[in-house]
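Asks: My questions all concern the structure below.
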Amino acid sequence: MDDVRVFVFFIIILLLGTCSASAPNFILLFADDLGFGDLGCYGHPSSLTPNLDRLAAGGLRFTDFYCTSPVCSPSRASLLTGRYQTRSGIYPGVLYPGSIGGLPLNETTIAEVLKPLGYATAAMGKWHLGVGANGMFLPTNQGFDQYLGIPYSHDMGPCWNLTCFPPDVKCFGLCDLATVTVPLVFNEVIKQQPVDFLDLERAYSDFATNFISSSAMKKQPFFLYYPSHHTHYPQYAGPGAAGRSLRGPFGDALLEFDNTIGNLLATLEKTGVINNTLIFFTADNGPELMRMSRGGNAGSLKCGKGTTYDGGMREPAIAYWPGTIRPGVTRELASTLDILPTIVSLAGAKLPLVMLDGVDMTEMLVNKGKSKRETMMFYPTNPSEKYGLFALRLGKYKAHFYTQGATHSATVPDQDCPASAVLKAHDPPLIFDLEADPSEHYPLPVLKKPDLQALLEKIKKVKEQFEGSMVFGESQISKGEDPNLEPCCNPDCNPKPGCCRC
Ligand code: MG
Numbered sequence: 139m140d141d142v143r144v145f146v147f148f149i150i151i152l153l154l155g156t157c158s159a160s161a162p163n164f165i166l167l168f169a170d171d172l173g174f175g176d177l178g179c180y181g182h183p184s185s186l187t188p189n190l191d192r193l194a195a196g197g198l199r200f201t202d203f204y205c206t207s208p209v210c211s212p213s214r215a216s217l218l219t220g221r222y223q224t225r226s227g228i229y230p231g232v233l234y235p236g237s238i239g240g241l242p243l244n245e246t247t248i249a250e251v252l253k254p255l256g257y258a259t260a261a262m263g264k265w266h267l268g269v270g271a272n273g274m275f276l277p278t279n280q281g282f283d284q285y286l287g288i289p290y291s292h293d294m295g296p297c298w299n300l301t302c303f304p305p306d307v308k309c310f311g312l313c314d315l316a317t318v319t320v321p322l323v324f325n326e327v328i329k330q331q332p333v334d335f336l337d338l339e340r341a342y343s344d345f346a347t348n349f350i351s352s353s354a355m356k357k358q359p360f361f362l363y364y365p366s367h368h369t370h371y372p373q374y375a376g377p378g379a380a381g382r383s384l385r386g387p388f389g390d391a392l393l394e395f396d397n398t399i400g401n402l403l404a405t406l407e408k409t410g411v412i413n414n415t416l417i418f419f420t421a422d423n424g425p426e427l428m429r430m431s432r433g434g435n436a437g438s439l440k441c442g443k444g445t446t447y448d449g450g451m452r453e454p455a456i457a458y459w460p461g462t463i464r465p466g467v468t469r470e471l472a473s474t475l476d477i478l479p480t481i482v483s484l485a486g487a488k489l490p491l492v493m494l495d496g497v498d499m500t501e502m503l504v505n506k507g508k509s510k511r512e513t514m515m516f517y518p519t520n521p522s523e524k525y526g527l528f529a530l531r532l533g534k535y536k537a538h539f540y541t542q543g544a545t546h547s548a549t550v551p552d553q554d555c556p557a558s559a560v561l562k563a564h565d566p567p568l569i570f571d572l573e574a575d576p577s578e579h580y581p582l583p584v585l586k587k588p589d590l591q592a593l594l595e596k597i598k599k600v601k602e603q604f605e606g607s608m609v610f611g612e613s614q615i616s617k618g619e620d621p622n623l624e625p626c627c628n629p630d631c632n633p634k635p636g637c638c639r640c
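One gets my numbering by counting positions in the sequence shown from 1 and adding 138 to each.
What follows is the structure, given as structure tokens:
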């Protein structure tokens with residue numbers, strides 16, 4: 139009898155061991171055009187984001203986290219591949235509804251590294267890595283089992299149907315009138331055109347709930363990628379958030395995104411998988427300051443979207459995993475590039491056999507360890523081999539070899555931010571100590587202080603080494619556009635684009 143008890147005891151221990159070692163789930167939340175100063179947990183006084191605040195309070199909050207581009211498509215390419223956008227060819231600028239190119243299918247996405255391990259994968263929201271002929275660049279062809287969303291920016295179409303709640307609120311913005319109305323795509327099929335923005339968040343929440351619940355029921359590990367549209371111009375919010383924040387339309391949009399995060403957390407709790415799920419939150423690029431109070435806020439950082447100053451590329455970031463990641467703040471250097479190698483490491487997957495720019499953050503996340511990242515490279519929206527890097531960060535120092543303002547960063551008093559600040563070369567580079575001067579206001583007197591010469595030499599060497607390793611991929615965005623590729627639910631109709639409604 140005793141032997142039987144011992145046997146049963148060991149079987150239970152074995153089963154428990156198997157359960158605790160089960161592959162973790164991953165949820166990747168990606169905000170759009172959200173600045174370093176936009177969240178309450180990063181110091182914004184009137185943003186209302188109770189669920190993001192909960193993630194920040196119970197997780198690891200980053201102070202020095204960077205995306206790779208000050209605009210959407212290239213930043214997303216790097217997030218999903220762990221490679222600078224120059225390698226994958228997602229430059230210059232962004233993709234459009236009729237773009238011929240997209241994220242090359244031979245690039246390996248996070249979803250594709252997880253698929254061989256049996257993960258269920260889904261994406262919902264703003265894809266913006268191409269549609270192409272017959273939807274060849276949509277998420278379902280890049281490792282995701284399912285997709286629900288608008289495959290590009292929601293201002294890339296007439297946006298008269300936005301922010302119309304309650305009905306007496308004036309609609310805001312006209313957006314791109316010469317393009318097809320914005321579609322809602324399920325996998326590769328247009329479900330609705332134009333999309334109903336007031337009901338969109340409910341559709342996303344239902345999609346995510348079904349995906350998480352069915353994966354949990356099957357005991358299948360999952361990866362959910364939710365790049366949200368919300369905080370990008372023109373902001374919108376449905377009945378659950380419109381008029382409910384203190385911050386006007388931007389705050390309402392952010393609140394609606396936050397509500398969805400709350401629904402995701404509730405579903406994770408209900409299905410019992412919250413302690414086996416890493417949630418990572420960050421954003422694609424800095425605030426679009428030209429929209430004034432409807433743009434985001436870079437906090438103490440300089441300029442915003444479209445520039446290689448920190449306001450354009452340093453982002454809020456939070457890693458949340460109850461029981462595994464201890465709550466706190468990390469000042470270590472990290473990037474969207476590092477998410478793929480970290481997920482690979484945590485899941486026990488295989489790294490893609492390509493030149494990766496990301497490093498594994500696991501030690502930082504689970505043991506409060508040091509970052510393996512020592513540098514961060516800054517390419518402008520239109521990178522070229524001729525100019526190379528615009529800036530680089532080495533430890534606490536950032537060196538600018540070129541500076542340039544951007545239309546997206548107009549309207550703020552700083553004259554370095556708008557497009558009138560034309561391209562300027564700096565030799566020696568402008569060097570800032572970002573710990574002493576996070577706003578990049580006061581360049582160090584490199585030529586006057588001999589002790590800074592060693593730093594300057596090291597920066598030049600790092601630049602040379604990195605640029606020596608950079609092979610520019612064929613530009614996908616320069617392939618141009620074909621209006622016939624714009625998603626149309628009624629493909630043979632006439633005259634386009636107005637007849638594309640279903
Ligand atoms: Mg963006």
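Ideal Cβ placement from N, Cα and C applies to all residues, glycine included.
Check the DSSP bridge columns for L503 and list the partner residues they point to.
Replies: DSSP lists no partner for L503.
Asks: Is it the case that the Cβ atoms of P581 and F570 are separated by a distance below 8 Å?
Replies: yes
Asks: With distance defined between alpha-carbon atoms, name the residue in E470, Y517, S613, L561 nearest to E573.
Replies: E470
Asks: For the alpha helix (DSSP H) containing M262, name the first residue and the last one.
Replies: Taken as a continuous stretch (DSSP letters only), M262 belongs to no alpha helix (DSSP H), being part of the beta strand (DSSP E) at 258-262.
Asks: In terms of residue numbering, what span does the beta strand (DSSP E) encompassing L167 cover?
Replies: 163-169
Asks: Rounding to the nearest angstrom, what Cα-Cα distance links I350 and L416 in this structure?
Replies: Looking at the two C-alpha atoms, the distance is approximately 13 Å.
Asks: Would DSSP call L602 helix, strand or coil?
Replies: In the sequence under discussion, the amino acid at residue 602 is Glu, which differs from the Leu named in the question. In this structure, E602 counts as helix in the three-state DSSP scheme.
Asks: Classify M515 as buried or exposed, calling it buried when 16 or more other Cβ atoms lie within 10 Å of its own Cβ.
Replies: By the neighbour-count rule (16 or more Cβ atoms within 10 Å), M515 is buried.
Asks: Between the C-alpha atoms of E578 and A249, what's the straight-line distance to the nearest angstrom?
Replies: E578 and A249 have their alpha carbons spaced roughly 37 Å apart.
Asks: Ignoring anything shorter than 4 residues or poking outside the stretch 188-273, list the alpha helix (DSSP H) runs there in chain order.
Replies: 188-196, 210-219, 223-226, 248-252
Asks: If you measure from each residue's Cβ to the nearest non-hydrogen atom of ligand 1, which ones come out under 6 Å, in chain order?
Replies: D170, D171, C210, H370, D422, N423
Asks: State the start and end residues of the unbroken alpha helix (DSSP H) segment that holds T541.
Replies: Per DSSP, T541 belongs to no alpha helix (DSSP H); it is in the beta strand (DSSP E), 535-541.
Asks: Exposed or buried, what is M262 when buried is set at 16 or more other beta-carbons lying within 10 Å of its beta-carbon?
Replies: buried
Asks: I'd like to confirm the pairing. Which residues does DSSP put opposite F418 in its beta bridges?
Replies: L166, A457
Asks: Once you ignore the five residues that flank S158 on each side, which residues in its own chain have a CB closer than 7 Å to its CB?
Replies: For S158, the predicted model reports a pLDDT of 42, less than 50, meaning its position is unreliable and no value from the coordinates is stated.
Asks: Per DSSP, what are the beta-bridge partners of S473 in this structure?
Replies: Per DSSP, Y204.
Asks: Which class does C179 belong to by DSSP, given the choice of helix, strand or coil?
Replies: helix
Asks: Just how far apart, CA to CA, sit N628 and G256?
Replies: 36 Å
Asks: In its own chain, which residues sit with a C-beta less than 6 Å from the C-beta of Y290, not counting the 5 before and 5 after it?
Replies: P235, H266
Asks: Using a threshold of 8 Å, state whether the C-beta atoms of F395 and T446 are closer than that.
Replies: no
Asks: State whether the stretch 405-413 contacts the stretch 480-487, with contact taken as three or more CB pairs (one from each stretch) at a distance under 8 Å.
Replies: no
Asks: Distance check for I228 and K253, CA to CA, integer angstroms please.
Replies: So the two alpha carbons sit approximately 24 Å from each other.
Asks: At the level of alpha carbons, what is the spacing between E326 and L338?
Replies: 18 Å
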